[in-house]
Amino acid sequence: MFMTSLKQALGKIFKAETMTASKNIIGPMNHVGIAVPSIVEAIKPYQEIFGITDITEPKALPAQGVSYAFVNLPTGQVELIEPYGESSPIHKFLQKNPKGAQHHVCFEVEDIHEAKAFVEANGATVLNEPRIGAHGTLVIFIHPKNFTGTLIELMETPKH
Ligand code: CO
Numbered sequence: 006m007f008m009t010s011l012k013q014a015l016g017k018i019f020k021a022e023t024m025t026a027s028k029n030i031i032g033p034m035n036h037v038g039i040a041v042p043s044i045v046e047a048i049k050p051y052q053e054i055f056g057i058t059d060i061t062e063p064k065a066l067p068a069q070g071v072s073y074a075f076v077n078l079p080t081g082q083v084e085l086i087e088p089y090g091e092s093s094p095i096h097k098f099l100q101k102n103p104k105g106a107q108h109h110v111c112f113e114v115e116d117i118h119e120a121k122a123f124v125e126a127n128g129a130t131v132l133n134e135p136r137i138g139a140h141g142t143l144v145i146f147i148h149p150k151n152f153t154g155t156l157i158e159l160m161e162t163p164k165h
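First residue of the sequence shown? That's 6 in this note's numbering, and the numbers climb one at a time after it.
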């Protein structure tokens with residue numbers, strides 16, 4: 006009798022764990038963000054060394070204090086970001102890395118609010134409330150301390 010109820014209890018626990026594990030919160034990798042002092046200069050090696058022609062025009066995103074351009078690749082993008090305005094959040098990063106450096110990695114999620122609650126429940130520090138990012142969908146950033154020094158961006162998959 007005891008064994009039966011123990012088995013039932015364990016069964017319930019394992020079922021709950023499997024359900025959590027089987028739900029993929031994190032989708033495809035979308036882009037690698039690289040902070041640079043000049044997008045126009047940073048685009049050049051992608052064109053001249055790799056011969057890539059599919060690169061978007063630089064655009065300003067004043068709300069986030071950056072300008073950006075995407076180098077389009079078959080499986081994702083390189084996002085080049087340059088400071089926009091005096092209070093750009095990447096000024097400090099570029100002071101430490103004057104020639105530019107990898108700044109963040111971005112993964113897609115279906116629902117940003119669900120993803121935020123999920124990673125926070127797992128102990129992550131989310132740096133901002135969901136806001137519109139360079140792809141026109143909601144994004145959040147996770148503190149680098151949670152990922153051995155790497156800033157992580159989560160973005161809702163664009164629906165087109
Ligand atoms: Co990004």
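C-beta: ideal position from N, C-alpha, C; glycine also.
query	result
Could you say if the stretch 58 to 67 and the stretch 91 to 105 meet the contact criterion of at least three C-beta pairs nearer than 8 Å?	no
Here's the rule I'm using: 16 or more other beta-carbon atoms within 10 Å means buried, otherwise exposed. How should Phe-152 be labelled?	exposed
Can you tell me the Cα-Cα spacing of Asn-102 and Pro-88, whole angstroms?	13 Å
Are Glu-115 and His-36 closer than 9 Å when you measure CB to CB?	no
What does the alpha-carbon distance come out to for the pair Pro-42 and Glu-134?	27 Å
Buried or exposed: where does Val-144 fall if 16 or more other Cβ atoms within 10 Å of its Cβ makes it buried?	buried
Go through its chain and collect everything with a Cβ distance to Leu-156's Cβ below 7 Å, but skip five positions before and after it.	His-108, His-109, Phe-146 and Pro-149
With DSSP run on the structure shown, which of helix, strand or coil describes Ala-129?	coil
Look up Glu-62 in the DSSP assignment and say whether it is helix, strand or coil.	coil
Grouping DSSP H, G and I as helix and E and B as strand, with all else coil, what is Ala-106?	strand
Can you tell which of Ile-86, Val-124 and His-165 has the C-alpha that lies nearest to the C-alpha of Ile-48?	Ile-86
Which residues bound the beta strand (DSSP E) around Phe-75?	71 to 78
Tell me the rounded alpha-carbon separation between Asn-29 and Val-131.	19 Å
Looking at the ligand CO, does it come within less than 8 Å of Met-160, judged from the CB to the closest heavy atom?	yes
According to the Cβ coordinates, are Glu-113 and Gly-38 closer than 9 Å?	no
Could you work out which residue in Leu-99, Tyr-51, Gln-52 and Leu-66 is closest to Thr-142 when comparing CA atoms only?	Leu-66
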